[in-house]
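Asks:
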Amino acid sequence: MKVLFIIPGSGDSFYCGNCFRDNLQASALRKAGHEMIIMPLYLPLTDTSFQADTPLFFPATSFYTEQRFFGKKKMPAWLKKILSSGTLLKMASSLSGSTSAKGSEGMTLAMITGKDEAFNREVETLVTWIKEQEKPDIIHLSSTLLIGVAKAIRKEINIPIVCSLQDEEVWIDSLDEPYATIAWKGIAENIPYVDQFVTTSSFYKRIARQRLPQLPAIQVIYPGIETEKYASPIYPNDPVIGFFYRMNQADGLEILAKAFVQLKEKNNIPNLKLKIAGGYTSQDKPFLKKIRKILSPYSADVEINDTYQLSDHTAFYKQISVISVPLTFEEGVGLYLCEAFAAGRPAVEPTTGSFPEIVGEAGTLYHPNTPDALAGALEQLLSDADRYEQAKKKAIELSHTRYNSTVLAQKLEEIYQKLC
Numbered sequence: 013m014k015v016l017f018i019i020p021g022s023g024d025s026f027y028c029g030n031c032f033r034d035n036l037q038a039s040a041l042r043k044a045g046h047e048m049i050i051m052p053l054y055l056p057l058t059d060t061s062f063q064a065d066t067p068l069f070f071p072a073t074s075f076y077t078e079q080r081f082f083g084k085k086k087m088p089a090w091l092k093k094i095l096s097s098g099t100l101l102k103m104a105s106s107l108s109g110s111t112s113a114k115g116s117e118g119m120t121l122a123m124i125t126g127k128d129e130a131f132n133r134e135v136e137t138l139v140t141w142i143k144e145q146e147k148p149d150i151i152h153l154s155s156t157l158l159i160g161v162a163k164a165i166r167k168e169i170n171i172p173i174v175c176s177l178q179d180e181e182v183w184i185d186s187l188d189e190p191y192a193t194i195a196w197k198g199i200a201e202n203i204p205y206v207d208q209f210v211t212t213s214s215f216y217k218r219i220a221r222q223r224l225p226q227l228p229a230i231q232v233i234y235p236g237i238e239t240e241k242y243a244s245p246i247y248p249n250d251p252v253i254g255f256f257y258r259m260n261q262a263d264g265l266e267i268l269a270k271a272f273v274q275l276k277e278k279n280n281i282p283n284l285k286l287k288i289a290g291g292y293t294s295q296d297k298p299f300l301k302k303i304r305k306i307l308s309p310y311s312a313d314v315e316i317n318d319t320y321q322l323s324d325h326t327a328f329y330k331q332i333s334v335i336s337v338p339l340t341f342e343e344g345v346g347l348y349l350c351e352a353f354a355a356g357r358p359a360v361e362p363t364t365g366s367f368p369e370i371v372g373e374a375g376t377l378y379h380p381n382t383p384d385a386l387a388g389a390l391e392q393l394l395s396d397a398d399r400y401e402q403a404k405k406k407a408i409e410l411s412h413t414r415y416n417s418t419v420l421a422q423k424l425e426e427i428y429q430k431l432c
């Protein structure tokens, strides 16, 4: 089966959950023997392990400029060529990573509603390319934030469209009014152009239904990891707490840093160490400086990796004993958990969002999401060998039965075949 996967490109400087989810889905389907065509929008894909198969559409630099400053007028070709150059796109990639839509309201609404002249000009080239270069059996959109593209495609091409749902509200809720209301209304209006919606957890299915009651049936398909790449029977000699996600306030790194300091001060877990990775952007540098100061009394027992690459993932989990990413918001699914379970590493997470559903018995859940409560939960798991062993076994079991690339590919295949 030939699948066209339309995704937003990213700067690749940090662990982006939605970007990695797209990577996992494409990899699982390729491994299952399907032909995958990866089409990036906005920014190029720069990591060697996840490459584009099409030209870049909606280049962030030129599309943003045309949409915001030219309105109904077409941007001069010479200016568009300059703005879409590799140099400027590379610069934009290095600055990408905002979790706020502030300043991008017009572009966000254009991509959702499809009611914008600059959008219409760009999407016409995309649709023409599909018709002339590739005729896939199925088209899969990464997010409803791109649902205006589905509208444009279905008006020209009769190909089934699948659309993923995950964490859209994080971006849309950062919009000021009336933009947020217009965005949700725009998604609702374009729902009929999508044949099937999928999401990554039952938790997020409920969130999507609350925000978009017009949605038809939503299929829950858990993320799938290539378990053989992560499996490791060898554990560190000393207990190591791992944090692997973007290093920022929202992802709870400060909560974990303070919990680690408490544990070191109590010293009930000898030789305890902390390993932090997952990357960051220039926006996060002041925050990371603050984290280093909090951890400074025990810096000898802390490792912070300043770089990020997709190839870092498998090695990281083999070097830790437990994963803990105490998010301060509710996430559709934590892919770092699925990865940790593939390596047989339990989790310690707050009882918020999808954590109870995703973790289950493969770790320890705590409440409230404070440094004190997290420190207590980590000590409870790492001080009880029997409890840790049971959580480890459950993590491996979940990895084989639920968070597995083969299972993921089979679930997606069933949907695609039914639609075709």
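Numbering of the sequence shown is given in the working numbering, commencing with residue 13 and proceeding in unit increments. Beta carbons: idealized from backbone N, C-alpha and C, even for Gly. Note that the structure is a prediction, hence the values are computed from the model and not measured.
Let me confirm a value: I246 is counted as buried when at least 16 other C-beta atoms fall within 10 Å, else exposed. Which label applies?
Replies: Working through the sequence shown from its first residue, we reach residue 246 at position 234. Answer is exposed; the Cβ neighbour count stays below 16.
Asks: Considering only DSSP beta bridges, list what K287 is partnered with.
Replies: Counting from 1 along the sequence shown, the entry for residue 287 is found at position 275. Answer is G254, E315.
Asks: Quick check: what's the CA-CA separation for K14 versus E146?
Replies: Along the sequence shown, read from residue 1 onward, the residue named residue 14 stands at position 2. Along the sequence shown, read from residue 1 onward, the residue named residue 146 stands at position 134. Rounded to whole angstroms, K14 to E146 spans 9 angstroms at the Cα level.
Asks: Taking L153 as the reference, which of G365, N317, A72, N202 has the closest Cα?
Replies: Taking the first residue of the sequence shown as 1, we reach residue 153 at position 141. With distances taken between Cα atoms, L153 lies closest to N202.
Asks: If you measure between the beta carbons of E361 and L347, is that distance less than 9 angstroms?
Replies: As a position in the sequence shown, residue 361 is number 349, starting the count at 1. As a position in the sequence shown, residue 347 is number 335, starting the count at 1. No; because the gap between Cβ atoms is not below 9 angstroms, this pair is not in contact.
Asks: Just to confirm, is the Cβ distance from Q208 to Q231 under 9 angstroms?
Replies: For this step, residue 208 is matched to residue 196 along the sequence shown. For this step, residue 231 is matched to residue 219 along the sequence shown. Going by C-beta atoms, Q208 is nearer than 9 angstroms to Q231.
Asks: So the candidates are E266, E315, Q295, M259; which of them puts its Cα closest to the Cα of K285?
Replies: Locating residue 285 in the sequence shown gives position 273, where the first residue counts as 1. The option with the nearest alpha carbon to K285 is E315.
Asks: Express the C-alpha separation of R399 and M123 in angstroms, rounding to a whole number.
Replies: As a first step, residue 123 is located in the sequence shown; it is residue number 111 there, counting from the start. As a first step, residue 399 is located in the sequence shown; it is residue number 387 there, counting from the start. Rounded to the nearest angstrom, the two C-alpha atoms are 48 angstroms apart.
Asks: Please classify A421: does DSSP put it in a helix, a strand, or coil?
Replies: Along the sequence shown, one-based indexing puts residue 421 at 409. A421 falls in the helix class under three-state DSSP.
Asks: Taking all protein chains shown into account, decide if S308 is buried (16 or more other Cβ within 10 angstroms of its Cβ) or exposed.
Replies: Residue 308 sits at position 296 when you count from the first residue of the sequence shown. Burial call: exposed.
Asks: Are the stretch 52–67 and the stretch 83–90 touching by the rule of at least three beta carbon pairs closer than 8 angstroms?
Replies: No, the stretch 52–67 is not in contact with the stretch 83–90.
Asks: If I follow the unbroken alpha helix (DSSP H) through C350, where does it start and stop?
Replies: Taking the sequence shown and counting its residues from 1, one reaches residue 350 at position 338. Taken as a continuous stretch (DSSP letters only), the alpha helix (DSSP H) holding C350 covers 347–354.
Asks: I'd like to check one pair, T211 with A200: are the Cβ atoms closer than 9 angstroms?
Replies: Stepping through the sequence shown from its first residue, residue 200 is reached at position 188. Stepping through the sequence shown from its first residue, residue 211 is reached at position 199. Taking 9 angstroms as the Cβ cut-off, A200 and T211 do not qualify as a contacting pair.
Asks: Helix, strand or coil: which one does DSSP assign to A359?
Replies: In the sequence shown, the residue the question calls residue 359 occupies position 347. Correct three-state label for A359: strand.
Asks: Rounded to a whole number of angstroms, what is the C-alpha to C-alpha distance between V345 and A89?
Replies: Numbered from 1 along the sequence shown, position 333 holds the residue referred to as residue 345. Numbered from 1 along the sequence shown, position 77 holds the residue referred to as residue 89. Computed Cα separation, rounded: 42 angstroms.
Asks: Can you list, in chain order, the residues of its chain whose CB lies under 7 angstroms from that of I370, leaving out five sequence neighbours each side?
Replies: Here residue 370 refers to the residue found at position 358 of the sequence shown. Cβ neighbours of I370 beyond the five flanking positions: S213, V345, G346, L349.
Asks: Buried or exposed: which applies to E180, given that a residue is buried once 16 or more other Cβ atoms fall within 10 Å of its Cβ?
Replies: Translated into positions along the sequence shown, residue 180 becomes position 168. So E180 counts as buried.
Asks: Quick one: what does DSSP say N202 is sitting in, helix, strand or coil?
Replies: The sequence position of residue 202 within the sequence shown is 190, counting from 1. Here N202 sits in helix by DSSP.
Asks: Rounding to the nearest angstrom, what Cα-Cα distance links Q402 and K278 in this structure?
Replies: Reading the sequence shown from its first residue, position 390 is the one you call residue 402. Reading the sequence shown from its first residue, position 266 is the one you call residue 278. Distance between the alpha carbons of Q402 and K278 is about 25 angstroms.
Asks: Is P248 closer than 9 angstroms to S116 when the C-beta atoms are compared?
Replies: Numbered from its first residue, the sequence shown carries residue 116 at position 104. Numbered from its first residue, the sequence shown carries residue 248 at position 236. No. Outside cutoff.
Asks: What do you reckon, are the CB atoms on S176 and S417 nearer than 9 angstroms?
Replies: In the sequence shown, residue 176 corresponds to position 164, counting from 1. In the sequence shown, residue 417 corresponds to position 405, counting from 1. No, the Cβ-Cβ distance between S176 and S417 is not below 9 angstroms.
Asks: Please tell me whether I194 and L36 are closer than 9 angstroms, where the distance is taken between their beta carbons.
Replies: By 1-based counting over the sequence shown, the position of residue 194 is 182. By 1-based counting over the sequence shown, the position of residue 36 is 24. It is not a contact, given that the beta carbons lie outside the stated cut-off.
Asks: Whole angstroms is fine: what's the gap from F131's alpha carbon to P282's?
Replies: Locating residue 131 in the sequence shown gives position 119, where the first residue counts as 1. Locating residue 282 in the sequence shown gives position 270, where the first residue counts as 1. Rounded to whole angstroms, F131 to P282 spans 58 angstroms at the Cα level.
Asks: Taking 7 angstroms as the limit between beta carbons, can you name the residues of its chain near H379, skipping five residues before and five after?
Replies: For the purposes of this step, residue 379 is taken as residue 367 along the sequence shown, with counting starting at 1. Correct list, in chain order: P362, T363, A385.
Asks: State the CB to CB distance for the pair L53 and F70, rounded to an integer number of angstroms; the pair is presumed to be in contact (CB under 8 angstroms).
Replies: As a position in the sequence shown, residue 53 is number 41, starting the count at 1. As a position in the sequence shown, residue 70 is number 58, starting the count at 1. The pair is a contact, with the Cβ atoms about 5 angstroms apart (cut-off 8 angstroms).
Asks: Between which two residues does the alpha helix (DSSP H) containing H412 stretch?
Replies: Counting from 1 along the sequence shown, the entry for residue 412 is found at position 400. Per DSSP, H412 belongs to the alpha helix (DSSP H) from 397–413.
Asks: Mind checking which residues open and close the beta strand (DSSP E) that includes C31?
Replies: On the sequence shown, residue 31 is found 19 positions in, with the first residue counted as 1. Taken as a continuous stretch (DSSP letters only), C31 belongs to no beta strand (DSSP E), being part of the alpha helix (DSSP H) at 29–43.
Asks: Would you call K167 buried or exposed, if buried means 16 or more other Cβ atoms sit within 10 Å of its Cβ?
Replies: Locating residue 167 in the sequence shown gives position 155, counting from the first residue. With fewer than 16 other Cβ atoms within 10 Å, it is exposed.
Asks: With 16 other CB atoms within 10 Å as the buried threshold, where does E136 fall?
Replies: Here residue 136 corresponds to residue number 124 of the sequence shown, with the count starting at 1. Exposed, since its Cβ has fewer than 16 Cβ neighbours within 10 Å.
Asks: What number of angstroms, rounded off, separates the C-alpha of N280 from the C-alpha of G254?
Replies: Residue mapping note: residue 280 aligns to position 268 of the sequence shown, counting from 1. Residue mapping note: residue 254 aligns to position 242 of the sequence shown, counting from 1. Each residue's Cα considered, the two are about 18 angstroms apart.
Asks: Provide the residue span of the alpha helix (DSSP H) that contains P298, from first to last.
Replies: Looking up residue 298 in the sequence shown gives position 286. 297–307 is the span of the alpha helix (DSSP H), which, as asked, contains P298.
Asks: Starting from M48, follow the beta strand (DSSP E) in both directions and report where the run begins and ends.
Replies: As a working note, residue 48 is residue 36 in the sequence shown. 47–53 is the span of the beta strand (DSSP E), which, as asked, contains M48.
Asks: To which residues does DSSP link R432 through a beta bridge?
Replies: Walking along the sequence shown from the start, residue 432 turns up at place 420. Note that residue 432 is Cys in the sequence shown here, rather than Arg. Per DSSP, none; premise fails for C432.
Asks: What distance in whole Å lies between the Cβ atoms of F256 and Y415, which are believed to be in contact at a cut-off of 8 angstroms?
Replies: Numbered from 1 along the sequence shown, position 403 holds the residue referred to as residue 415. Numbered from 1 along the sequence shown, position 244 holds the residue referred to as residue 256. Y415 to F256, Cβ: 15 angstroms. No contact.
Asks: Could you tell me which of D188, K93, W196 sits nearest to L158, measuring between CA atoms?
Replies: Along the sequence shown, read from residue 1 onward, the residue named residue 158 stands at position 146. Minimum Cα distance to L158 is reached at W196.
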